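Number of protein chains: 2
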Amino acid sequence: MALKIGDLAKATGTKVQTIRYYEEIGLLPAPARTEGNYRTYASATLRRLSFIRRSRGLGFSLDQVRELLGLADHSDWSCAAVETIAREHRAAIERKIADLAALDGELARIIDRCGHGTVAECGILEALSPA
Amino acid sequence: MALKIGDLAKATGTKVQTIRYYEEIGLLPAPARTEGNYRTYASATLRRLSFIRRSRGLGFSLDQVRELLGLADHSDWSCAAVETIAREHRAAIERKIADLAALDGELARIIDRCGHGTVAECGILEALSPA
DNA sequence: CCTTGACCCTACAGTTGCTGGAGGGTGCAT
DNA sequence: ATGCACCCTCCAGCAACTGTAGGGTCAAGG
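Those sequence lines, one after another, are chains W and H.
Take any residue in the first sequence, note its place counting from 1, add 443, and you have its number in my numbering.
Take any residue in the second sequence, note its place counting from 1, add 443, and you have its number in my numbering.
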């Protein structure tokens, strides 16, 4: 026990500043301090930070993480809200994929128009210019 | 001629503030002013802004747009640099798509684990929690 | 002539999620 | 006692805008 911020950082692959940032925005509780004003964490905080990091790794926003953490604290509630957040997040990701795929196709077409000549006759710049 | 900033905004689907922002960061030249201190644009600026917006719409960063604009000004240069920028951008988009697709798969698996019961037995939260 | 409303101006704060730096204190080993 | 790794707070910065406050300008209608 009595983990220092650097221990937490190492254990979760988080930067020290990021942990302090999570504390600042209220995602992590303000921990106890030593006499020398060092933050000291209990292992519960390590679990909480791991949860945050895993969720962030899956692309959840900090607001979504906050909601998930709030839900997790009420073990008798229904899981439906959790599922909703996850499903909405997944839908957003799929929208983003579709957008990027469309972009990719358009870029492919544009790049194809490059005649490898001078800038003046470049089909790429032409494609970017107004009709 | 003598377009006002609002005309430019309407013609290109850009917010007025965004146009001023592009001017501030040097993407658009500082235009002439009227007696009443209103910006007045020539049609060349409309073309330049259209180019910027089209490029942004394809996901190019402002720095990339700046490069493309710089290249476009030298009609006798080789098109190769233009193609390089476009190809690199496309590669970045495809990396992003791959990342999101992986995320999507992981989310699908996690969501599947939801037992529709209480939070305590929720497979989603479990999947987010540390092992 | 005066007012109303649409437009324009500058300057600055806020968004998301951190990251880095300055300038200093703590704690342990040598 | 001194070196080094670590910790502290506060603040600035990234991308690419967006929004707001507090004003000025201009043409039309009453």
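Think of the CB as a built atom: it goes at the ideal place given N, C-alpha and C, for glycine as much as any other residue.
Owing to the predicted nature of the structure, the values given are computational and were not obtained by experimental measurement.
For W:LEU446, name the three-state secondary structure that DSSP assigns.
-> What you label residue 446 of chain W is simply residue 3 of the first sequence in a count that begins at 1. In the structure shown, W:LEU446 sits in a strand (DSSP, three-state: E or B).
Tell me, please, whether the CB atom of W:VAL562 is closer than 9 Å to any CB atom in chain H?
-> On the first sequence, position 119 is the one that residue 562 of chain W refers to. So, interface residue.
Going straight from the alpha carbon of W:VAL393 to that of W:HIS532, what length do you get?
-> There is simply no residue 393 of chain W to check, as chain W begins at 444 and stops at 574 in what is shown.
Between H:GLY558 and chain W, is there a C-beta pair that is closer than 9 Å?
-> One-based indexing of the second sequence puts residue 558 of chain H at position 115. With respect to chain W, the C-beta atom of H:GLY558 has a partner C-beta closer than 9 Å.
Run through DSSP, which three-state label would W:SER504 get?
-> Reading the first sequence from its first residue, position 61 is the one you call residue 504 of chain W. Note: W:SER504 maps to coil in three-state DSSP.
Simplified DSSP assignment, three categories, for W:ARG556 = Taking the first residue of the first sequence as 1, we reach residue 556 of chain W at position 113. Coil, per DSSP.
Closer than 9 Å, CB to CB, is H:ILE468 near chain W or not?
-> Locating residue 468 of chain H in the second sequence gives position 25, counting from the first residue. For H:ILE468, the closest Cβ of chain W is not nearer than 9 Å.
Near-chain H residues of the segment 498 to 513 of chain W - C-beta to any C-beta below 8 Å = Near chain H, meaning a CB-to-CB distance below 8 Å, the residues of the segment 498 to 513 of chain W are SER498, LEU501, GLY502, LEU511.
Whole-Å CB distance - H:ARG482 paired with H:ARG491, under 8 Å assumed = As a first step, residue 482 of chain H must be located in the second sequence, where it is residue number 39. As a first step, residue 491 of chain H must be located in the second sequence, where it is residue number 48. Contact flag wrong, Cβ pair sits at about 14 Å.
Could I get the ranges of all uninterrupted alpha helix (DSSP H) runs contained in the segment 515 to 574 of chain W, with 4 residues as the minimum, in chain order?
-> For the segment 515 to 574 of chain W, the continuous alpha helix (DSSP H) assignments of 4+ residues that do not extend past its boundaries occur at 523 to 555, 566 to 571, in sequence order.
Evaluate the contact criterion for the segment 521 to 541 of chain H versus the segment 555 to 564 of chain W: three or more CB pairs, one atom per stretch, below 8 Å.
-> The segment 521 to 541 of chain H, when compared against the segment 555 to 564 of chain W, does touch it at the 8 Å Cβ threshold.
Checking contacts by CB at 9 Å: is H:PRO472 closer than that to chain W?
-> For the purposes of this step, residue 472 of chain H is identified with residue 29 of the second sequence, where counting begins at 1. False, the Cβ-Cβ gap to chain W never drops below 9 Å.
Taking only heavy atoms of the ligand NAP into account, decide whether any of them is closer than 8 Å to the Cβ of W:ALA487.
-> Among the components modelled here there is no ligand, and therefore nothing to report on the ligand NAP.
Helix, strand or coil at H:THR483 according to DSSP, with G and I counted as helix | Your numbering for residue 483 of chain H matches position 40 in the second sequence. H:THR483: strand per DSSP, three-state reduction.
Would you check if the distance between the CB atom of W:TYR484 and the CB atom of W:LEU451 is smaller than 9 Å?
-> As a first step, residue 484 of chain W is located in the first sequence; it is residue number 41 there, counting from the start. As a first step, residue 451 of chain W is located in the first sequence; it is residue number 8 there, counting from the start. For W:TYR484 and W:LEU451, yes; Cβs fall inside 9 Å.
Rounded to whole angstroms, what's the CA-CA distance from H:GLY548 to H:LEU471? Just pull it up for me.
-> Counted from its first residue, the second sequence places residue 548 of chain H at position 105. Counted from its first residue, the second sequence places residue 471 of chain H at position 28. Their backbone Cα atoms lie some 42 Å apart in a straight line.
Contact check, H:ILE553 vs W:LEU501, beta carbons under 9 Å = Taking the second sequence and counting its residues from 1, the one referred to as residue 553 of chain H is at position 110. Taking the first sequence and counting its residues from 1, the one referred to as residue 501 of chain W is at position 58. For H:ILE553 and W:LEU501, yes; Cβs fall inside 9 Å.
Under 9 Å between C-beta atoms of H:SER572 and W:PHE503 = Along the second sequence, one-based indexing puts residue 572 of chain H at 129. Along the first sequence, one-based indexing puts residue 503 of chain W at 60. Taking 9 Å as the Cβ cut-off, H:SER572 and W:PHE503 do not qualify as a contacting pair.
Report the three-state DSSP secondary structure of W:ALA475 (helix, strand or coil).
-> Position 32 of the first sequence, counted from the first residue, corresponds to residue 475 of chain W. Here W:ALA475 carries a strand assignment [DSSP, helix/strand/coil].
Going by the CB atoms, is the gap between W:ILE540 and H:LEU543 shorter than 9 Å?
-> Start at 1 with the first residue of the second sequence, and residue 543 of chain H comes out as number 100. Start at 1 with the first residue of the first sequence, and residue 540 of chain W comes out as number 97. The Cβ-Cβ distance between H:LEU543 and W:ILE540 falls below 9 Å.
H:GLU467 to H:GLN460, Cα distance in whole Å?
-> Counting from one through the second sequence, the residue named residue 467 of chain H turns up at place 24. Counting from one through the second sequence, the residue named residue 460 of chain H turns up at place 17. If I take the Cα positions, the gap works out to 10 Å.
Between the CA atoms of W:ASP555 and W:GLU564 - distance to the nearest angstrom = The residue you call residue 564 of chain W lines up with position 121 of the first sequence. The residue you call residue 555 of chain W lines up with position 112 of the first sequence. If you take the alpha carbons of W:GLU564 and W:ASP555, they lie about 13 Å apart.
Chain H contact residues for W:SER572, given Cβ-Cβ distances below 9 Å | Stepping through the first sequence from its first residue, residue 572 of chain W is reached at position 129. Correct list: ARG490, SER493, PHE494, ARG497, ALA515.
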